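In the UniProt record's numbering, the protein residues as written are 1 to 557.
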Ligand code: NOJ
């Protein structure tokens, strides 16, 4: 593997960590997380092995969609600090070798954004055409309400000007009109601004919605959505050759591929693997690896320098919308049977540990899977210590509770009175007295220690990120065995989805009995027979990462 190349295409071996500044760490004692608090915790993230921090929206906002409703794209919400605090944070992260990306939310603004305030002031206003207006909701317009608990239409009537405006999400989030060249220029300006302040790219919110122009009247003006996305990527690369676009595209694989930009690979750098994530939960629910194995076999390789971004949990509902109704019901029954655990009829508002009844072996197996499958692993804050959800909180906020740094009522998140926190700290079995970073840091058997080891092994074995993927047959349905090979190097990983110990039979044609399979996560070796077969033993929910090495060099680096 050419080391220069692995460094240039840094995202392929990155460990991404998503956090909300508001709930991560309060540095000034007012009860709200802020950039100063986050900066104090950079060494924690560095020790964990994080190489790229993804900031959820931190811009000024009325906070009616947890910051995804922005009133100023060029500022920092005063509750979280100042632009100066932001720059100090980015600078400190870079000093530790970490890059920073941030949410780019330009499908819509808040309805309190000055552009929209102006737009709705009159049909001739300066910013009227920055949004999408219609006399009547067009029959050929976009379909599908995203938040069916709160909205029943994508169009909201504006009394003052007598037209409807489009809102893909909540009605307080009017959609920007990307058919307007001024809007496209402004989006580039926003990106340029934050890149100048040190960002290495963006997680692009709601990409297909941002690009959609269905049902709009003036078709001649509309850019081809994919040309436009390629333009944005080209602009970004001109400003900073190492910058990435990590896109939220929750579509079947074939449709998602279009957002990488076809064979040229000139649009998004990475797309989240929503399909693989959902099939993984189905496999967990069934205790059988096949649904995930099938998804991985179907998953196309991204073009050129593109890469999948893999995840177990993100900040939204754990969406199961790519499963059939019957499959979704299976996952609901296994992991969230109560109505209060489900959301929008399509997802769960739980974190993984409570779904797995806190089973440490099973949890560790899932994260081993995350770090061994090809794709850039993306962690959501608190996953590394096994935080649970708070079902008392509204909707998706159940999984966005304050980070649990240490035991005690404020969880080390803040010294202020907890009534001033942005959300309640989790209580009970997953509360800070039982689940905290401070306690796990001192425990070599903790989830935190395990994930720290996984980040190191994943980066030390670049075949996992760069290699060609093969799903291997093991003669047992419970086990997912996959192999990543590149330039003569191979890593084989096995994961047992069932609670029972199993023996998995591997056939590695190029090997014979002069080879051994050496464990990368624990000490151990497995014999290879003269015909290249090996029998690998796995505990219930066990996992192993193996590297073939010649018998006389049985200890790999
Ligand atoms: C997708 C984000 O992940 C979600 O949290 C947000 O509510 C919507 N986009 C609207 O911005």
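Beta carbons are placed, not taken as given, at the ideal position from N, Cα and C, and that holds for glycine.
All of these numbers come straight from a predicted model, not from anything done at the bench.
Take residue 396, set aside five residues on each side of it, and the residues of its chain with a beta-carbon closer than 8 Å to its own are 66, 315, 316, 317, 343, 349, in chain order. Here the alpha carbons of residue 184 and residue 164 stand approximately 22 Å from one another. If you draw a 10 Å sphere on the C-beta of residue 522, you find fewer than 16 other C-beta atoms in it, and that means exposed. Annotated as proximal: residue 510 and residue 532, with beta-carbon spacing under 8 Å.
A distance below 7 Å between beta-carbons, with the five flanking residues on each side excluded, links residue 122 to the following residues of its chain, in chain order: 161.
Below 8 Å, too few C-beta pairs join the segment 135-147 and the segment 103-118 to call them touching: fewer than three. For residue 73, the Cβ stays outside the 7 Å cut-off from all heavy atoms of the ligand NOJ. Taking the Cβ of residue 344 as the reference point, every heavy atom of the ligand NOJ lies at 7 Å or farther away. Residue environment for residue 74: exposed (fewer than 16 other C-beta atoms within 10 angstroms of its C-beta). The Cβ atoms of residue 166 and residue 103 do not sit closer than 8 Å to each other. With distances taken between CA atoms, residue 93 lies nearest to 53 out of 127, 124, 119, 53. With a contact defined as Cβ atoms closer than 8 Å, residue 496 and residue 478 qualify at about 6 Å. For the pair residue 548 and residue 467, the CB atoms are not nearer than the 8 Å cut-off. Annotated as proximal: residue 226 and residue 267, with beta-carbon spacing under 8 Å. Rounded to the nearest whole angstrom, the CA to CA distance from residue 40 to residue 417 is 20 Å. For a cut-off of 8 Å, the C-beta gap from residue 269 to residue 305 is around 7 Å, short enough to register as a contact. For residue 131 and residue 193, the gap between their C-alpha atoms comes out near 22 Å. Looking at 199, 202, 228, the one whose alpha-carbon comes closest to that of residue 212 is 228. The residue from 120, 204, 329 with its alpha-carbon nearest to that of residue 245 is 204. Here the alpha carbon of residue 115 sits roughly 11 Å from the alpha carbon of residue 70. Along the segment 326-409, the beta strand (DSSP E) occurs as fully enclosed runs of 3 or more residues at 376-380, listed in sequence order.
Using a Cβ-Cβ distance cut-off of 8 Å, the segment 289-306 and the segment 468-487 are in contact, since at least three pairs of beta carbons, one from each stretch, lie closer than that value. Checking the 7 Å criterion, the Cβ of residue 165 is out of range of every heavy atom belonging to the ligand NOJ. The beta carbon of residue 260 sits closer than 7 Å to the beta carbons of 267, 268, 271, 302, 303, 306 from its chain, once the five residues preceding and following it are set aside; these are given in chain order. Proximity of the beta carbon of residue 437 to the ligand NOJ is not indicated: no heavy atom of the ligand is located closer than 7 Å. Rounded to whole angstroms, the separation of the alpha carbons of residue 430 and residue 387 is 6 Å.
Taking all protein chains shown into account, residue 367 has 16 or more neighbouring C-beta atoms within 10 Å of its C-beta and is therefore buried. Boundaries for residue 191: no beta strand (DSSP E) harbours it, while the alpha helix (DSSP H) harbouring it runs 181-196, taken from the DSSP string. For residue 524, same chain residues with a beta-carbon under 8 Å away, outside a window of 5 residues either side, are 518, 544 in chain order.
Per DSSP, reduced to three states, the secondary structure at residue 60 is coil, with no helix or strand assignment.
With a threshold of 7 Å, the Cβ atom of residue 248 counts as near the ligand NOJ, since some heavy atom of the ligand is closer than that. Residue 434 and residue 173 have their alpha carbons spaced roughly 39 Å apart. Taking the Cβ of residue 68 as the reference point, at least one heavy atom of the ligand NOJ falls within a distance shorter than 7 Å. Comparing C-alpha distances from residue 252 to each of 277, 236, 237 shows the shortest one belongs to 277. Residue 221 is positioned such that its CB atom lies closer than 8 Å to that of residue 179. Around the beta carbon of residue 157, a 10 Å sphere encloses fewer than 16 other beta carbons of the protein chains shown; the residue is thus reported as exposed.
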